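Right, one structure below, let's go through it.
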Amino acid sequence: MTNDQSQKLKVEAEPYLFDLVPDECALLIIDMQRDFLEPGGFGEMLGNDVSQLRRTIEPNRKLLAAWRAKGLQVLHTREGHRPDLAALPGAKKVRGRGKKRIGDPGPMGRILVRGEAGHDIIPELYPQPSEPVIDKPGKGAFWATDLHAILQNRGISQLVVTGVTTEVCVNTTVREANDRGFDCLVPEDCVGSYFPEFQRMGLEMIKAQGGIFGWVSHSGKILAALAGFDEK
Ligand code: C5J
Numbered sequence: 000m001t002n003d004q005s006q007k008l009k010v011e012a013e014p015y016l017f018d019l020v021p022d023e024c025a026l027l028i029i030d031m032q033r034d035f036l037e038p039g040g041f042g043e044m045l046g047n048d049v050s051q052l053r054r055t056i057e058p059n060r061k062l063l064a065a066w067r068a069k070g071l072q073v074l075h076t077r078e079g080h081r082p083d084l085a086a087l088p089g090a091k092k093v094r095g096r097g098k099k100r101i102g103d104p105g106p107m108g109r110i111l112v113r114g115e116a117g118h119d120i121i122p123e124l125y126p127q128p129s130e131p132v133i134d135k136p137g138k139g140a141f142w143a144t145d146l147h148a149i150l151q152n153r154g155i156s157q158l159v160v161t162g163v164t165t166e167v168c169v170n171t172t173v174r175e176a177n178d179r180g181f182d183c184l185v186p187e188d189c190v191g192s193y194f195p196e197f198q199r200m201g202l203e204m205i206k207a208q209g210g211i212f213g214w215v216s217h218s219g220k221i222l223a224a225l226a227g228f229d230e231k
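Okay, so the sequence shown: first residue is 0 according to numbering that gives the first Met the number 0, each after it adds one.
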């Protein structure tokens, strides 16, 4: 899928070197939303330790700054539903049998509803007007969204995928992208899970069997490779 004339950057990764083609590679930041990451949000209300996710903010901030400085493409996603919940599957609504469900009032507005404070992206990584924000109703960023069309229209063949949570929305999106022919690189310090064992296994699953879904690296290695990129 990549254009042979494009500049290629070698990124140290597992299971082997990733050939990053800056012109064809977008940074896709998954669901860095206030309700998942902020103390007092819905994630913490469910009893989760948000510090497990908050450690990803600073590496994401640095990677995003470098990506923007080089003039490369950035996209963000948010998990959430229409205020009328018309497209929310009943199965998703009742799953977990929790006292609080999607659409109910939560600590930062209605839970996982578009337009509510908790649904928005944390200020540290707030999208710029030129960066598409994909509102997704599911875990994967391709299902029921226009992400695939946007990537195709912009000539993107590779994704650096970051965000939360590693084993849920990041993994689902990487699998969806892989099936659509995209090469995915996941920096381990820029993805987070509330559960350390899921963090480890979520990354193992991506890079196992010769990179069955993609590559795993570290933001420092991507930044080192990007430093050698001369923007046009
Ligand atoms: C995400 C979730 N973003 N864990 N959602 O992973 O429900």
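A virtual CB, placed ideally from N, CA and C, is assigned to each residue, including glycine. Keep in mind the model is a prediction, meaning the values are calculated, not measured.
Handout entry: DSSP three-state assignment for F197, whether helix, strand or coil
Key = Translated into the one-based positions of the sequence shown, residue 197 becomes position 198. The answer is helix: DSSP assigns F197 an H, G or I state.
- Applying the criterion that 16 or more other CB atoms from any shown protein chain within 10 Å of the CB defines a buried residue, is R109 buried or exposed? Counting from one through the sequence shown, the residue named residue 109 turns up at place 110. It counts as buried.
Cα-Cα separation, P126 to M200
Residue 126 sits at position 127 when you count from the first residue of the sequence shown. Residue 200 sits at position 201 when you count from the first residue of the sequence shown. Their Cα atoms are separated by approximately 29 Å.
* Asked: Alpha carbon to alpha carbon, how far is H80 from I211?
  -> The residue you call residue 80 lines up with position 81 of the sequence shown. The residue you call residue 211 lines up with position 212 of the sequence shown. Going from the Cα of H80 to the Cα of I211 covers about 31 Å.
Practice task
Please check the pair A105 and M44, which I expect to be a contact at CB under 8 Å, by giving their CB distance rounded to whole angstroms.
Solution key: Taking the sequence shown and counting its residues from 1, the one referred to as residue 105 is at position 106. Taking the sequence shown and counting its residues from 1, the one referred to as residue 44 is at position 45. Note that residue 105 is Gly in the sequence shown here, rather than Ala. That belief holds up - the Cβ atoms of G105 and M44 are roughly 7 Å apart, short of 8 Å.
**Report entry** Euclidean distance between Cα positions of P21 and G97
**Finding:** Along the sequence shown, one-based indexing puts residue 21 at 22. Along the sequence shown, one-based indexing puts residue 97 at 98. Using only the alpha carbons, I get a separation of about 44 Å.
- DSSP three-state call for P295: helix, strand or coil? The structure shown does not extend to residue 295, since the chain spans only 0 to 231, so no value can be given for it.
Exposed or buried, what is Y193 when buried is set at 16 or more other beta-carbons lying within 10 Å of its beta-carbon?
In the sequence shown, residue 193 corresponds to position 194, counting from 1. With 16 or more Cβ atoms within 10 Å of its Cβ, Y193 is classed as buried.
Counting C-beta neighbours from all protein chains within 10 Å, is the total for A12 16 or more, i.e. buried, or is it exposed?
Here residue 12 corresponds to residue number 13 of the sequence shown, with the count starting at 1. Counting Cβ neighbours within 10 Å, A12 comes out buried, since at least 16 surround it.
Open item on the list: Just verifying my parser: in three-state terms, what is the DSSP assignment at F35?
Closed with: Numbered from 1 along the sequence shown, position 36 holds the residue referred to as residue 35. Here F35 sits in helix by DSSP.
Review point. Within this structure, are the beta carbons of M31 and I155 separated by less than 8 Å?
Key: By one-based count along the sequence shown, residue 31 stands at place 32. By one-based count along the sequence shown, residue 155 stands at place 156. Result no, Cβ atoms of M31 and I155 do not sit closer than 8 Å.
Under 8 Å by Cβ, that's how I've got L26 and L63 pegged, so tell me the actual separation to the nearest angstrom.
One-based indexing of the sequence shown puts residue 26 at position 27. One-based indexing of the sequence shown puts residue 63 at position 64. About 7 Å separates the two Cβ atoms, so the contact holds.
Look up M0 in the DSSP assignment and say whether it is helix, strand or coil. As a position in the sequence shown, residue 0 is number 1, starting the count at 1. Only weak support is given to the placement of M0: the predicted model assigns it a pLDDT of 48, under 50, and the value that follows is read from those uncertain coordinates. Per DSSP, reduced to three states, the secondary structure at M0 is coil, with no helix or strand assignment.
**Near the ligand C5J: D30 beta-carbon under 7 Å from a heavy atom** = As a first step, residue 30 is located in the sequence shown; it is residue number 31 there, counting from the start. Yes, since a heavy atom of the ligand C5J falls inside the 7 Å radius drawn around the Cβ of D30.
If you run the structure through DSSP and keep just helix, strand and coil, what is G139?
-> To locate residue 139, count along the sequence shown from 1; it is residue 140. Correct three-state label for G139: coil.
Check: Contact between the segment 144 to 155 and the segment 89 to 96: three or more CB pairs below 8 Å?
Finding: no
Which stretch, first to last residue, makes up the alpha helix (DSSP H) that contains T172? Numbered from its first residue, the sequence shown carries residue 172 at position 173. Here the alpha helix (DSSP H) through T172 covers 170 to 178.
Q157: buried (16+ other C-beta within 10 angstroms of its C-beta) or exposed?
-> As a first step, residue 157 must be located in the sequence shown, where it is residue number 158. The residue is buried, with at least 16 neighbouring Cβ atoms inside 10 Å.
Say yes only if the C-beta of E23 is nearer than 7 Å to one or more non-hydrogen atoms of the ligand C5J, and no if none qualify. Along the sequence shown, one-based indexing puts residue 23 at 24. No, since every heavy atom of the ligand C5J falls outside the 7 Å radius drawn around the Cβ of E23.
What residues in its chain sit with their C-beta under 7 Å from that of M0, if we drop five residues either side in the sequence?
-> Counting from one through the sequence shown, the residue named residue 0 turns up at place 1. Confidence at M0 is low in this model, with a pLDDT of 48, below 50, so the placement of that residue is unreliable and no value is reported for it.
Leaving out five residues on either side along the sequence, give the residues of the same chain with a beta carbon under 7 Å from the beta carbon of M130. Position 131 of the sequence shown, counted from the start, is the residue given in the question as residue 130. Sequence inspection shows Glu at residue 130; the Met mentioned does not correspond to that position. Cβ within range, chain order: V73, L74, H75.
Can you tell me the Cα-Cα spacing of S5 and L19, whole angstroms?
Mapped onto the sequence shown, residue 5 falls at position 6. Mapped onto the sequence shown, residue 19 falls at position 20. Those two C-alpha atoms are separated by around 10 Å.
TODO: Within 10 angstroms of the Cβ of K206, are there 16 or more other Cβ atoms? Answer buried if so, exposed if not.
DONE: As a first step, residue 206 must be located in the sequence shown, where it is residue number 207. Buried, because 16 or more other Cβ atoms sit within 10 Å of the Cβ of K206.
Is it the case that the CB of V163 approaches a heavy atom of the ligand C5J more closely than 7 Å? Mapped onto the sequence shown, residue 163 falls at position 164. V163 Cβ: within cutoff of the ligand C5J.
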